[in-house]
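Working notes for the structure below.
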Amino acid sequence: MLHLLNLELCFLLSSLSSVCILGCLIRDAEGKDGGRGYVQLNHRYHDATVKLNQFGLDWTTTHGPIHNCNGTLSSTRNVKMSAKAGALASNGNIEPLRRCIVLDIEGTTTPISFVTDVLFPYARDNVGRHLDATYDSAETQEDIKLLRAQVQEDLENGVAGAVPIPSNDAGKEKVIAALVKNVEAMIKADRKITALKELQGHIWQTGFKNNELEGVVFDDVPEALERWAASGIKVYIYSSGSRLAQRLLFGYTNYGDLRKYLCGFFDTTVGNKKETKSYHEITASLGVDHPSEILFVTDVYQEAIAAKPAGLEVIISVRPGNGPLPDNHGFRTVKSFSEI
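What follows is the structure, encoded as structure tokens:
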């Protein structure tokens with residue numbers, strides 16, 4: 133027991149010295165490398181602060197030195213041993229416990245109807261207005277660049293609804309008119325492509341900030357997020373929507389700003405949600421010892437099928453309005469996060 137306690141205090145020393153540094157690095161990492169560096173730093177920062185909290189310490193206040201990390205402890209008054217390191221199996225081995233939860237949005241945290249009946253129509257109806265108002269901004273020009281590349285690929289592949297986008301020499305009005313036609317076709321087909329999702333996120337940003345939109349989550353979501361965070365479990369979002377759109381949805385919900393419970397966001401820059409390699413990428417980004425330490429919750433059977441070979445624990449969310457699941461699908465299902 134004394135040896136284990138010494139190990140805990142060794143980790144505590146490293147936590148005290150690293151948490152301040154990590155907090156500074158996080159600010160510079162967001163938005164770079166598809167969010168992977170940001171997520172990794174957030175993960176390490178959360179580990180350190182949770183460990184300090186378990187010892188009853190606040191890293192923002194001054195503490196005296198901790199001595200005898202490899203010897204006899206002078207005092208154990210404020211020390212609390214963590215029982216979250218692992219579970220003892222019948223064979224005597226330590227099995228990994230759940231350290232991270234990765235959540236889908238549509239049909240999992242949020243009703244499908246909110247996405248299909250509110251968000252998508254808002255983006256569709258405001259494409260032209262948004263492009264016209266922000267046309268000369270660097271952000272919108274980057275969105276147009278992505279859309280041009282996607283539309284060119286669509287034209288080469290004969291994708292229905294794709295129409296040529298004229299050069300800038302044709303004038304702003306003609307360029308916007310062609311962009312609107314392509315975006316409307318993409319939204320109608322519910323395409324999960326980065327070019328569309330980036331533009332949608334920027335359109336929604338205006339809507340949320342002008343109080344024209346409010347994010348919706350199921351009633352059980354806020355309590356679950358708070359409960360998981362309090363127990364030291366890190367929660368992430370993985371959605372086909374852009375990282376900006378994800379932050380907006382959880383930042384402006386019917387329950388207030390829920391981002392304080394979230395450690396990071398993944399989007400299509402890490403890969404398609406129906407491809408196993410995407411979940412390998414997420415596992416590498418989170419830095420867990422075993423993929424089984426990650427729980428992925430989704431309403432889409434094909435996504436569950438993709439995540440399972442990567443070694444993640446998978447639960448399928450069954451919510452009102454979700455599509456039917458195949459018979460004998462083999463996955464655990466829940467109707468509420470209170471079951472997790």
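Residues 133 to 472 in this note's numbering are what the sequence shown spells out, letter by letter.
Glycine included, each C-beta is placed from N, C-alpha and C at the ideal position.
Of Lys-306, Leu-345 and Lys-277, the smallest CA-CA separation from Pro-253 is found for Leu-345.
Within the region 218-285, complete beta strand (DSSP E) segments of at least 3 residues are found at 232-235, given in chain order. With distances taken between CA atoms, Thr-241 lies nearest to Thr-385 out of Glu-435, Gly-290, Thr-385 and Ala-436. Lys-406 and Tyr-433 have their C-alpha atoms some 9 Å from each other. Here Arg-323 has no same chain residue with a Cβ atom under 6 Å from its own Cβ, once five neighbours each way along the sequence are excluded. In the structure shown, Lys-304 falls within a helical segment according to DSSP collapsed to helix, strand and coil.
CA-to-CA, the gap between Ile-365 and Val-446 works out to about 16 Å. Non-local beta-carbon contacts of Asp-399 in its own chain, meaning distances under 6 Å to residues more than five positions away in sequence, involve Ser-374 and Arg-375 in chain order.
In this structure, Leu-390 sits near Pro-354, with a CB-CB distance shorter than 9 Å.
Excluding its 5 nearest sequence neighbours in each direction, Arg-231 has C-beta neighbours in its own chain below 6 Å: Val-420 and Glu-425, listed in chain order. Here Tyr-393 carries a helix assignment [DSSP, helix/strand/coil]. Shown here, Phe-398 sits in a strand according to DSSP, grouped into three states. Here DSSP, grouped into helix, strand and coil, assigns Tyr-411 to helix. Around the Cβ of Asp-459, a 10 Å sphere holds fewer than 16 other Cβ atoms; the residue is exposed. Between the alpha carbons of Asn-454 and Asn-258 lies a distance of about 27 Å. The beta carbon of Lys-320 sits closer than 6 Å to none of the beta carbons in its chain outside the five residues before and after it. If the five residues before and after Ile-325 are omitted, its C-beta is found closer than 8 Å to the C-beta atoms of Gln-282, Met-318 and Thr-400, all from its own chain and listed in chain order.
Judged by DSSP secondary structure, Phe-382 falls within the alpha helix (DSSP H) whose first and last residues are 375-383.
DSSP places Ser-449 within a strand segment (E or B) once states are collapsed to three.
Contact between Pro-423 and Ala-442 holds, with the beta-carbon distance rounding to 6 Å and staying under 8 Å.
For Ile-369, the enclosing beta strand (DSSP E) begins and ends at 366-370. For Leu-427, DSSP records a beta bridge to Ile-233 and Glu-445. Arg-464 is bridged by DSSP to Ile-447. Annotated three-state conformation of Gly-339 is helix, per DSSP.
Taking each of Val-348, Phe-463 and Leu-394 in turn and checking the Cα distance to Asp-249, the smallest one comes out for Val-348. When the Cα atoms are used, Arg-261 and Lys-306 turn out to be separated by approximately 14 Å.
Judged by DSSP in its simplified three-state form, Gly-388 adopts strand. Each of Ser-371, Lys-392 and Gln-337 was checked against the Cα of Arg-359, and the nearest Cα belongs to Lys-392. Straight-line spacing of the CA atoms in Ile-448 and Ser-410 works out to 18 Å. As the crow flies, the alpha-carbon of Leu-235 is around 26 Å from that of Arg-256. DSSP, read as helix, strand or coil, puts Gly-347 in strand.
Around Asp-275, the same chain offers Glu-330, Leu-331 and His-334 as residues with beta carbons nearer than 7 Å, after the five sequence neighbours per side are excluded.
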